[in-house]
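A.B. asks:
Chains as they are written, first to last, in my numbering: chain P, 1405 to 1787; chain D, 1405 to 1787.
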């Protein structure tokens, strides 16, 4: 045997979720091994804390809206190192409950103490679904967003916290979220395709050798092997930091979320039919880029004094650790300014792991000439 | 948030094992998510099937000892793609039970059929601890060896299979195994150390920025962060394909295993005090290299006609996918021909995951001058 444990590929077949008559039941041990564990590393916390776009947005949302915090009770869902809880306290909160499922809770406690906020911030180690608070809170703050917003399915826990612990008048931080999709050009697809082709050439040589040296005919596995590699190289969405000029058409919204009212049901599946217009002369449609933004607007009866936006859209600046999720087309197609791309997008959770996603992305091209090209349907995985 | 699931680091904190009064109980779901899943990928199977040293050894052990297989019943523990079961059948076995815990069993079944051996080879999907065979077998064949022999703890399952299903006269393939350790020189340690130092410089800059930009003092986490990074960069054993001339002293045996009689108890802990003599003039002792070999000798009453060895020792040829596990010293020490290295080695299983290992490696130098240098003790992790 001989293998490095937890190879990235392994994520595809883990078993955190078992679905019995439609209702997903999660094995907590498996879920911890596959998911939470990552957040128990300070290295990973540092990565998030070094994301200036992320940090500035949360920092400003809190300190430019102190009226939401002064004298209030706050719940931080998934506090990690405790930064959002500490800011809430520094902004004037009377009491902050900082809930963290991993051992990172111990570091959060140290950090709170070192910053002299242990009278205000109470770090609770446990998962939000299991713990109990002594009171309801005025504000729920959380950084729950995964790649392309919903990967990790952590927002489920925030919704659970909201329904159990937010006062009827309470405010959500962030208050709104949106998922975006836009046609893009990229060289990535060509690389992925040649990686896949190289991998298959290699396999065919392997099959030949195994037959001649060891008398076993492996050719029956060529099809399943190519499917496995196609999935790996061509169907997995790719993390990428796109440059704005790689976006070749209008960006469209796939879903809008009001964090105050959305239910888990609402986010189990993201389905949208959108249309995007190509904005660049004679270019290649190589795929689609997906990203998100969240907003800190408070609530209608208790709005933010300063509305803050956190966007992970392609940017000429640093970008974020979320980057964008890129869904690549094989092969790309030539498009022209004015062509219309009609997209049928559908994203749902993987059966094997409710924190990973699968995407059906179908598109049709309506050329500016009026000519309609045949629809193409692609399956992708966000893992 | 935003993180790739199953980052390599995650292996360190998974939760496959919980120890209650000394007896380890394994959560099967977690164990599958962390361990078995890897073997469900054809890509990984191909890696192992492309290891010529591994393949040649098993191939020769079977086909140069047909008398162990002709007309016999065979059990292949962890058959994967089914190769060892197929060879056993091709060598003349009457019946072969090929047990595989992952979905790879389906591919094994296809492969068996495509090679017209479905009358002889029966593929059973399930873990060896759970399944039942209709009869006891004459031969148990298995490729159970992990990095440095015992990582993955898969041999437990082979022992279980042996105790339940091997006839009193039965033969084990392989029949014997040995763990080796030798002093080495390597540039790896310097790289790891500068990676670690760069990582800490980076952290200190981060702490400074977080204080000035966001008003939070992170310095209390500097010690735990450095410990986390020390473990990652300096205490994890490193996979390496050593060149023989990197071995600077005599190799010594840490443990010898008779696969016919060894118990799980015997392999829970590997403890040895060994002595190695430096064989190179004026060189650096940068650490220790660990590897293994296994032998196919049959059993005393029913020996192999042709004894075969599979070694993963440093080699000028291709080497194996196992390579060697390198335990690096920080800092290295100058040594000379004739110096003696006295090593106290102790390896046991990680509390969090019984398939991963922790190592205590203490050593003393007795210079050829007779002078004794102070003992140094190091902790390592094989993850």
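All C-beta atoms in this analysis are idealised placements derived from N, C-alpha and C, irrespective of residue type, glycine included.
On a predicted model such as this, the values are computed, not experimentally measured, just so you know.
1) Rounding to the nearest angstrom, what Cα-Cα distance links residue 1646(P) and residue 1448(D) in this structure?
2) Expressed to the nearest angstrom, what Euclidean distance is found between the alpha-carbon atoms of residue 1786(P) and residue 1695(P)?
3) Check the C-beta distance from residue 1512(P) over to residue 1531(P) and give it rounded, since I have them as a contact under 8 Å.
4) What are the residues in the region 1518-1548 of chain D lying within 7 Å of chain P by C-beta distance?
5) Taking any Cβ of chain D, which residues in the region 1614-1635 of chain P have a Cβ under 8 Å from it, in chain order?
6) Can you name the start and end residues of the alpha helix (DSSP H) that residue 1617(D) belongs to?
7) Based on the DSSP output, what are the partners of residue 1446(P) in its beta bridges?
8) Using the three-state DSSP reduction, which class does residue 1741(P) fall into: helix, strand or coil?
9) Kindly list the residues whose CB is nearer than 7 Å to the CB of residue 1418(D), restricted to its own chain and excluding five residues on each side of it in sequence; keep chain order.
10) Could you tell me which chain P residues have their CB closer than 8 Å to the CB of residue 1637(D), listed as they occur along the chain?
11) Can you tell me whether residue 1598(D) is buried or exposed, with buried defined as 16 or more other CB within 10 angstroms of its CB?
12) Looking only at C-alpha atoms, which of 1689(D), 1589(D) and 1446(D) sits nearest to residue 1739(D)?
13) What are the start and end residues of the beta strand (DSSP E) that includes residue 1589(D)?
14) Quickly, what does DSSP pair residue 1695(P) with across the bridge? List them, please.
15) Could you tell me how far apart the beta carbons of residue 1749(D) and residue 1585(D) are, in whole angstroms, since I believe they sit closer than 8 Å?
16) Which class does residue 1425(D) belong to by DSSP, given the choice of helix, strand or coil?
17) With a threshold of 8 Å between beta carbons, is residue 1785(P) in contact with chain D?
18) Could you give the C-beta distance for residue 1578(D) and residue 1457(D), rounded to a whole number, given that I count them as a contact under 8 Å?
19) Given a limit of 9 Å on CB to CB distance, which residues of the region 1445-1458 of chain P reach chain D?
20) Quick one: which residues of the region 1584-1614 of chain P get their C-beta closer than 9 Å to a C-beta of chain D? List them in chain order.
21) Using three-state DSSP, classify residue 1472(D) as helix, strand or coil.
22) Shorter than 8 Å from the beta carbon of residue 1769(P) to some beta carbon of chain D?
23) I believe residue 1535(P) touches residue 1503(P) by the beta-carbon criterion, under 8 Å. Please report the beta-carbon distance rounded to the nearest angstrom.
24) Tell me which same chain residues have a C-beta within less than 6 Å of the C-beta of residue 1473(D), skipping the five on either side of it?
25) Evaluate contact between the region 1457-1471 of chain P and the region 1710-1719 of chain P, counting only Cβ atoms and requiring at least three cross-stretch pairs below 8 Å.
26) Comparing the C-beta of residue 1466(P) with each C-beta of chain D, is any distance below 8 Å?
27) Going by Cα to Cα distance, which pick from 1661(D), 1669(D) and 1685(D) is closest to residue 1650(D)?
28) CB residue 1500(D) to CB residue 1480(D), shorter than 8 Å?
29) Curious, which full-length beta strand (DSSP E) runs of at least 3 residues does the region 1486-1534 of chain P contain?
30) How is residue 1577(D) classed by DSSP in three states: helix, strand or coil?
31) To be precise: take each residue of the region 1676-1694 of chain D, compare its Cβ to all Cβ atoms of chain P, and keep it if any distance is under 7 Å. Which residues remain?
32) List, in order along the chain, the chain P residues whose C-beta lies closer than 7 Å to that of residue 1558(D)?
33) Are the CB atoms of residue 1781(P) and residue 1693(P) within a distance shorter than 8 Å?
34) Out of curiosity, what's the CA-to-CA distance linking residue 1783(D) and residue 1441(P)?
35) Less than 8 Å separating the beta-carbons of residue 1730(P) and residue 1680(P)?
36) Look at residue 1469(D) and residue 1708(D) and say whether their C-beta atoms are less than 8 Å apart.
C.D. replies: Per the coordinate set shown:
1) About 32 Å.
2) Inter-residue distance for residue 1786(P) and residue 1695(P) is about 13 Å (C-alpha atoms, whole angstroms).
3) Contact between residue 1512(P) and residue 1531(P) fails: their C-beta atoms lie close to 15 Å from each other, not under 8 Å.
4) If you check each beta-carbon in the region 1518-1548 of chain D against every beta-carbon of chain P, the ones closer than 7 Å belong to 1518, 1519, 1547 and 1548.
5) When CB distances to chain D are screened at a threshold of 8 Å, the residues of the region 1614-1635 of chain P falling below it are 1614, 1617, 1618, 1619, 1620, 1621, 1622, 1623, 1624, 1625, 1628, 1629, 1632 and 1633, in chain order.
6) In the DSSP assignment, residue 1617(D) falls within the unbroken alpha helix (DSSP H) covering 1592-1618.
7) Checking the DSSP bridge columns, you'll see residue 1446(P) has no partner listed.
8) Note: residue 1741(P) maps to coil in three-state DSSP.
9) Because residue 1418(D) sits at a pLDDT of 37, beneath the cut-off of 50, its placement in the model cannot be relied upon, and the point is left open.
10) In chain order: nothing, as chain P lies at least about 11 Å away.
11) Residue 1598(D) comes out exposed.
12) Out of 1689(D), 1589(D) and 1446(D), 1689(D) has the C-alpha closest to the C-alpha of residue 1739(D).
13) Where residue 1589(D) is concerned, there is no enclosing beta strand (DSSP E), because DSSP gives it neither an H nor an E.
14) In the DSSP output, where bridge partners are listed per residue, residue 1695(P) has 1584(P).
15) Contact flag correct, Cβ pair sits at about 6 Å.
16) Annotation note: pLDDT 42 at residue 1425(D) (below 50); position unreliable, no value reported.
17) Judged by the 8 Å Cβ criterion, residue 1785(P) is not in contact with chain D.
18) Contact flag wrong, Cβ pair sits at about 14 Å.
19) Under the 9 Å Cβ criterion, the region 1445-1458 of chain P contributes 1445, 1446, 1447, 1448, 1449, 1450, 1451, 1452, 1453, 1454, 1455, 1456 and 1458.
20) The region 1584-1614 of chain P vs chain D, Cβ under 9 Å: 1603, 1606, 1607, 1610, 1613 and 1614.
21) Helix, per DSSP.
22) Interface flag for residue 1769(P) against chain D is unset, since no Cβ pair is found closer than 8 Å.
23) With a contact defined as Cβ atoms closer than 8 Å, residue 1535(P) and residue 1503(P) qualify at about 6 Å.
24) Answer for residue 1473(D): 1492, 1495, 1496 and 1497, listed in chain order.
25) Yes, the region 1457-1471 of chain P is in contact with the region 1710-1719 of chain P.
26) Output row for residue 1466(P): interface = no.
27) It is 1685(D) whose Cα lies nearest to the Cα of residue 1650(D).
28) Closer than 8 Å, so yes.
29) Fully enclosed beta strand (DSSP E) runs of no fewer than 3 residues occupy 1499-1504 and 1525-1529 of the region 1486-1534 of chain P, in order along the chain.
30) In the three-state reduction of the DSSP assignment, residue 1577(D) falls in the strand class, which pools E and B.
31) Within the region 1676-1694 of chain D, no residue qualifies.
32) Residues of chain P passing the Cβ test: 1405.
33) No, the Cβ-Cβ distance between residue 1693(P) and residue 1781(P) is not below 8 Å.
34) Using only the alpha carbons, I get a separation of about 22 Å.
35) Between residue 1730(P) and residue 1680(P), the CB-CB gap reaches or exceeds 8 Å.
36) Their beta carbons are under 8 Å apart, which means residue 1469(D) touches residue 1708(D) by this criterion.
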